[in-house]
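Trainee:
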Amino acid sequence: MKFNEISAQEWYDLKPYLDTCLLPVTGLTGFEDPAQVTLALEQLRDALETIEIPYKGRVVTYPALHYMTAVSMRDQLEALSLHLKRMGFRYVIVLTIHTEASSWKAEQTDLLIAVDMEQWESKAEQIKASISKQVQHLWQHSD
Numbered sequence: 102m103k104f105n106e107i108s109a110q111e112w113y114d115l116k117p118y119l120d121t122c123l124l125p126v127t128g129l130t131g132f133e134d135p136a137q138v139t140l141a142l143e144q145l146r147d148a149l150e151t152i153e154i155p156y157k158g159r160v161v162t163y164p165a166l167h168y169m170t171a172v173s174m175r176d177q178l179e180a181l182s183l184h185l186k187r188m189g190f191r192y193v194i195v196l197t198i199h200t201e202a203s204s205w206k207a208e209q210t211d212l213l214i215a216v217d218m219e220q221w222e223s224k225a226e227q228i229k230a231s232i233s234k235q236v237q238h239l240w241q242h243s244d
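Each step along the sequence shown adds one to the number in my numbering, with nothing skipped, and position 73 is 174.
1. So, residue 78 versus residue 138, is the Cβ gap smaller than 9 Å?
2. Rounding to the nearest angstrom, what Cα-Cα distance links residue 146 and residue 185 in this structure?
3. Output needed for residue 151: all residues of its chain with C-beta closer than 6 Å, excluding positions within five of it in sequence on either side, in chain order.
4. Pop quiz: residue 216 and residue 239 are said to be a contact at Cβ under 8 Å. What is the actual Cβ separation, rounded to whole angstroms?
5. Look up residue 113 in the DSSP assignment and say whether it is helix, strand or coil.
6. Tell me which same chain residues have a C-beta within less than 6 Å of the C-beta of residue 191, skipping the five on either side of it?
7. Does the distance from the CB of residue 160 to the CB of residue 115 come in under 9 Å?
8. Quick check on the DSSP output: the beta strand (DSSP E) that includes residue 125 runs from which residue to which?
9. Would the beta-carbon of residue 182 fall within 9 Å of that of residue 210?
10. Any idea what DSSP makes of residue 167, helix, strand or coil?
11. Of the choices 221, 110, 223 and 198, whose alpha-carbon is the least far from that of residue 169?
This is the structure:
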């Protein structure tokens, strides 16, 4: 479920069930041409669907963090994850197509998933299964 699909009144009613925030990170630098940006956004959308669709009743997708700047991504994700948890989310999942993202894992981020889109075409089903397993593992070991 996307953040803008929930009205203010619905949020209070659904809050106990929508306990997971999905924060997409595109990882753009500003040096990409329009075709590269379009490709990155399409790839991120494809990766997001592996969580958004099967877990629609539990996950809220927030707006994507598109650009990386001189600010530490780890620090930025730590602050965002903390704020999201203070807003009522129990879990924060960061999903990115930026393959060097392993160093971004922040203490308040419960799960960081970096999808290698170069392997997506040949291993999509395996990647989707791995993502699903990671999400379910997070919930099972935290509930």
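Using N, Cα and C, we set each Cβ at its ideal position, and we do this for glycine too.
None of the values given here were measured: they were computed from a predicted structure.
Mentor: Here's the rundown:
1. Not covered by the structure: residue 78. The range shown for the chain is 102 to 244.
2. For residue 146 and residue 185, the gap between their C-alpha atoms comes out near 21 Å.
3. Cβ-Cβ distances below 6 Å link residue 151 to 229 and 232 in the same chain, with the five nearest sequence neighbours on each side left out; the list follows chain order.
4. Incorrect: roughly 16 Å between the Cβ atoms, too far for contact.
5. Helix, per DSSP.
6. Excluding sequence neighbours, residue 191 sits near 120.
7. Their beta carbons are not under 9 Å apart, which means residue 160 does not touch residue 115 by this criterion.
8. Residue 125: member of the beta strand (DSSP E) spanning 121-129, first to last residue.
9. Closer than 9 Å, so yes.
10. The answer is strand: DSSP assigns residue 167 an E or B state.
11. With respect to the C-alpha of residue 169, the residue from 221, 110, 223 and 198 having the closest C-alpha is 198.
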